[in-house]
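Report on one structure; see the data block that follows.
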Amino acid sequence: MEQVGAKTLLASLGLMLVTLLWGLSFAVVKNSLDLVPPVYMMAFRFSIASLALLLVFPKKLSAITKETLKKGFVLGIFLALGYALQTIGVVYTSAGKNAFITTTYVIFVPFIYWFFTKRNPGFFSIIPAFVGLLGIALLSLQDDLSVNKGDILTLLCGISYAFHMVFIALFTKDDDPILLNIVQIFFVTVFSWLLAPFYDGAFPLLAIQDPATIWSMLFLGIFCTMLAFFLQTLCQKFVPPGTASLIMSLEAVFGVFFAWLILGEILSLRMAFGALLVFVAILLSQKKTFSKT
């Protein structure tokens, strides 16, 4: 039992590193949007991640089976759909509301997992989820609470991410997380390049001529995509999905912190209290995540 607990703790720390990288990516992305449209940025970062995975794990490719391809395709669909809906949604709503509504996956994950596994979410799964959601609301929402098309698209994004997290938890029980990660990132790359010309228009030639943008894309592709999703698929094997979704919501906390540190954005007392609530929710979720039916 102690060994299992140690693995869960290390995996939880690994997921926190993932959220730190994704939180940092907000500032990097914001600095690059002038030259790289959002869906092309998604295509660039996942292409770089795909190439990096091929270089790091070349011998793994021969172990990919039809079953791995099927599961990786499912993961890729929900991951690509989530990224696309989030990217398009932010055009029609504020960045704060976009961040908040995206992280509603902390509410959906326990119930989606319940649907597929018939394991009832217990008190220590539901309560932390709502505490975390309140914290994210304080962290992200502004005075404007009206609902628009962007909010609806972003809500669908949150649902898509929730399905992605649940399927990772289910698939990594029997499949190699590295292989699943390679396949899902490959499919997201394909989906991104298919969508980019329709949504963003012409290929951004200026982007590949600017050294700073190239370095930003390399950082996003290698660290925030290849490494981050490798850690997510690996670590979620040892962390219950409800707890994992709460840990992943730290992305909003780190995003605000790095926006303050790098971009000089305002960090208010309310936002700091919201970040504290997210941490409290994660600590609560460590007590017990699911009760047996």
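Note that our numbering has the sequence shown beginning at 2, numbered continuously upward.
Think of the CB as a built atom: it goes at the ideal place given N, C-alpha and C, for glycine as much as any other residue.
Query: Cutoff 6 Å; reference F45; Cβ partners in own chain excluding five residues on either side; Result: M218
Query: Buried/exposed call for L207, threshold 16 Cβ in 10 Å; Result: exposed
Query: Residues near I1 by beta carbon distance below 8 Å, same chain, minus five either side; Result: Lying outside 2 to 294, the shown extent of the chain, residue 1 is not represented and no answer is given.
Query: Which of helix, strand or coil DSSP assigns to P38; Result: coil
Query: Secondary structure of P205, DSSP reduced to three states; Result: coil
Query: Three-state secondary structure assigned by DSSP to P59; Result: helix
Query: Residue burial classification, E68 (beta-carbon count within 10 angstroms, cutoff 16); Result: exposed
Query: Proximity below 8 Å, CB of M326 to CB of T104; Result: The shown model of the chain, from 2 to 294, leaves out residue 326, and the question about it has no answer.
Query: Selected residue, minimal CA-CA separation from F58, among F258, L264, D177, S246; Result: D177
Query: contact_flag[the region 25-45, the region 194-201] where n(CB pairs < 8 Å) is 3 or more; Result: yes
Query: Anticipated Cβ contact below 8 Å, F27 with A229, distance rounded; Result: Not quite, the Cβ-Cβ distance comes to about 13 Å (not below 8 Å), so this is no contact.
Query: Per-residue burial, M2 [other beta carbons within 10 Å of its own, 16 or more giving buried]; Result: With a pLDDT of 49 at M2, under the threshold of 50, the modelled position of this residue cannot be trusted; read the value that follows with caution. By the neighbour-count rule (16 or more Cβ atoms within 10 Å), M2 is not buried but exposed.
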